[in-house]
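Below is one structure, written out as C-alpha cells; comments come after it.
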Ligand code: UDP
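In UniProt numbering, the protein residues as written are 2 to 430.
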C-alpha cells in the first residue's frame, strides 16, 4: 500500500521500570533518528510509581503511550516469591485487552512492527492474526539470551556450562537455575525467542565475546543495538540535597550503593552491609529499601541513578547487576562491586567479574550472608586497591567501546538503522 505516514511501531514492555526504561530509549531512537512513530503500551495496574510517571511524562514528539485497562490479577501478585515467575503468570491475563487495543491501533495507524520483551511470548498470537511482524527486544545481555536458548535446545544443563567464545559458568551460579521452577520458567521464556521475526538485544559486540560465534547459528536474526540507556536524557532533572552533598565530595571518592527498582536485602544482610560500609571508611551514597539507620547519606526511595553515576564524585558502584544499571555503569565508566539478587543477575555478575572484568565480588559467608569484613574488604579494594585499579582501567576501555558502538557509523547504530529500514518497508494492507 502507498505509505503516506511514518512507519508505526508498537512496543509492549512487561510491567516494571527496568523494562520500561530501555523500551522508551529504543522508541526515542527510532523516532528521533529514523523518523518512525512509536506507541508504547503500559499497564494501568502497574503505572503508579512516580518514577514511571516521570519517564512517561518526558516522551518526545512522535512517541506516545496508551494504558491497558485494569484486569483482576490481585491473586497472582502474591503467587510464589519469584518476580519473573509472577510476571509470566500475569501476562496471559492481558491477552484480550491487548488484542482489543492492537486491533484499534492497527485500524487507525497500521502497525509496521510489534515489539515485545521476553515475557511477551503469550501475546505474539495476536500479531500473527493481524499479520504484523513481531520482534523481541531483549532488555538483558546476549550471553543470557544464549543461556536461555541453550536451556531448551540441549537437554538440561550440567555441572559447568561453556558456551562457544564465552567464559565458563560455574556450578555455584548454574545451580541457581537448575531448580524445577526456574528451569521450566527459563524454557518457557526461551520459546519467545523462537516465535518472533528477529531479536534486538540491549548490548554491544565488544562486551559480548560469544556473539559472533553464537549468533550466526541462529535461524532468527539477532542484532545488538545497545547500550540504550537514560544517560544524558531526563531534562526534567532537578538537583536536590543529594547532589549538593555530592558536589562537596572529592572526585571519585564516593561509592554508590543501589539494588535497582525492587531489590531488597534481609534485615541481617542490611545490617552487615551497613557495618561493612562503615568499617571500610569510604564515603558512600546508599539507596536503601526499606529505610534503615546507618552512618552515611541515605536515600530512601528513588534517585536519578544516571545523574548520580555521571557525577564526578562517584568512584564505584555496588550494584545488584540489573542489566540497565550495568549498562549505565559502563557508559559512565564506573567500576562495580557485583552483588546479584535474583532473575538473571547472578549470570550478569559472572559475566562482569569473569568475562568482562569490570567488577569485583565480595566473598560470601558459608551461610550465604556477606559479612561486614567481606563488605569492608571489597569496598576498600575497589576504591583504593590494586584490584580496583584493574577494573577501573577495564571499565574505561568498555566505556569507550560503548560510545563507539553508538556512534553514527558504530555497529549498534548501524544495526538499528537496518532494523528501522526493514520496518519502513513492511507491507501494509
Ligand atoms: N533506577 C533509578 N533510581 C533508583 C533505582 C533504579 O534511576 O533509585 C533506574 C536505574 O537507573 C535503571 C533502572 O531504574 O535504569 C533499574 O533497572 P535495572 O535493570 O538495573 O534493575 P531492576 O530494577 O529491573 O531490577
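Quick reminder that beta carbons are idealized off the backbone N, C-alpha and C, glycines included.
{"Item": "Beta-carbon within less than 6 Å of residue 133's beta-carbon, same chain only, minus the 5 sequence neighbours each way: which residues are those?", "Value": "112 and 115"}
{"Item": "What does the alpha-carbon distance come out to for the pair residue 257 and residue 105?", "Value": "45 Å"}
{"Item": "Just to confirm before moving on: does the CB-CB distance between residue 39 and residue 12 stay below 8 Å?", "Value": "yes"}
{"Item": "Near residue 413, what residues of its chain come up, given a Cβ to Cβ distance below 7 Å and the 5 sequence neighbours on each side ignored?", "Value": "205, 225, 226, 227, 406 and 407"}
{"Item": "Pick out whichever of 382, 358, 43 and 184 has its Cα sitting closest to the Cα of residue 344.", "Value": "184"}
{"Item": "Just list the residues that DSSP pairs residue 66 with in beta bridges.", "Value": "41"}
{"Item": "In whole angstroms, give me the CA-to-CA distance for residue 399 and residue 331.", "Value": "6 Å"}
{"Item": "Counting Cβ pairs closer than 8 Å, one from the stretch 233-250 and one from the stretch 178-195, do we hit at least three?", "Value": "no"}
{"Item": "Can you list the beta strand (DSSP E) stretches of 3 or more residues lying completely in the stretch 227-292, in chain order?", "Value": "255-259 and 284-288"}
{"Item": "May I ask you to check if the CB of residue 187 is nearer than 7 Å to at least one heavy atom of the ligand UDP?", "Value": "no"}
{"Item": "With DSSP as the reference, label residue 120 as helix, strand or coil.", "Value": "coil"}
{"Item": "Tell me whether residue 340 counts as near the ligand UDP, meaning its Cβ is closer than 7 Å to at least one heavy atom of that ligand.", "Value": "no"}
{"Item": "Judging by CA-CA distance, which residue of 261, 404, 305 and 276 is the nearest neighbour of residue 290?", "Value": "261"}
{"Item": "Just checking, does the stretch 52-70 make contact with the stretch 78-93 on the three C-beta pairs under 8 Å criterion?", "Value": "no"}
{"Item": "Residue 281 and residue 381: beta carbons closer than 8 Å?", "Value": "yes"}
{"Item": "Between residue 411 and residue 251, what straight-line distance do the alpha-carbon atoms span, to the nearest angstrom?", "Value": "34 Å"}
{"Item": "Which value, in whole angstroms, describes the spacing of the CA atoms of residue 342 and residue 45?", "Value": "27 Å"}
{"Item": "State the DSSP-derived secondary structure class of residue 77, mapped to helix, strand or coil.", "Value": "helix"}
{"Item": "Hey, out of 92, 306 and 65, whose CA is closest to residue 71's CA?", "Value": "92"}
{"Item": "Does the pairing of the stretch 122-129 with the stretch 95-105 give three or more beta-carbon distances under 8 Å?", "Value": "yes"}
{"Item": "Which word fits residue 312, buried or exposed, when buried means at least 16 other C-beta atoms lie within 10 angstroms of its C-beta?", "Value": "buried"}
{"Item": "Along the chain, where does the alpha helix (DSSP H) that runs through residue 396 open and close?", "Value": "387-407"}
{"Item": "Which of helix, strand or coil does DSSP assign to residue 178?", "Value": "coil"}
{"Item": "Rounding to the nearest angstrom, what Cα-Cα distance links residue 60 and residue 29 in this structure?", "Value": "8 Å"}
{"Item": "Mapping the DSSP letters down to three states, classify residue 337 as helix, strand or coil.", "Value": "strand"}
{"Item": "Which of the three DSSP states, helix, strand or coil, is assigned to residue 357?", "Value": "coil"}
{"Item": "Just to confirm the assignment, what range does the alpha helix (DSSP H) spanning residue 33 have?", "Value": "18-35"}
{"Item": "Short of 8 Å in beta carbon distance, which residues of its chain neighbour residue 391, apart from the five on each side in sequence? Order them along the chain.", "Value": "358"}
{"Item": "What residue from 69, 267, 110 and 429 has the CA that sits closest to residue 96's CA?", "Value": "69"}
{"Item": "Say whether the stretch 170-187 touches the stretch 302-316, bearing in mind that this needs 3 or more beta-carbon pairs closer than 8 Å, one atom from each stretch.", "Value": "no"}
{"Item": "Roughly how far, in whole angstroms, is the beta-carbon of residue 31 from the beta-carbon of residue 421, given that I think they are within contact range, below 8 Å?", "Value": "6 Å"}
{"Item": "Counting only runs that start and end within the stretch 123-148, where is the alpha helix (DSSP H) found for 4 or more residues in a row?", "Value": "125-130"}
{"Item": "When we look at the beta-carbon of residue 451 and count the other beta-carbons within 10 Å, is it buried (16 or more) or exposed?", "Value": "Look at the range of the chain in this structure, 2 to 430, and you will see that residue 451 is not part of it."}
{"Item": "Would the beta-carbon of residue 371 fall within 8 Å of that of residue 215?", "Value": "no"}
{"Item": "What is the rounded straight-line gap between the Cα of residue 434 and the Cα of residue 315?", "Value": "As shown, the chain starts at 2 and ends at 430. That puts residue 434 outside it, with no answer to give."}
{"Item": "CB-CB under 6 Å to residue 63, same chain, minus the five flanking residues each way: which ones, in chain order?", "Value": "32 and 38"}
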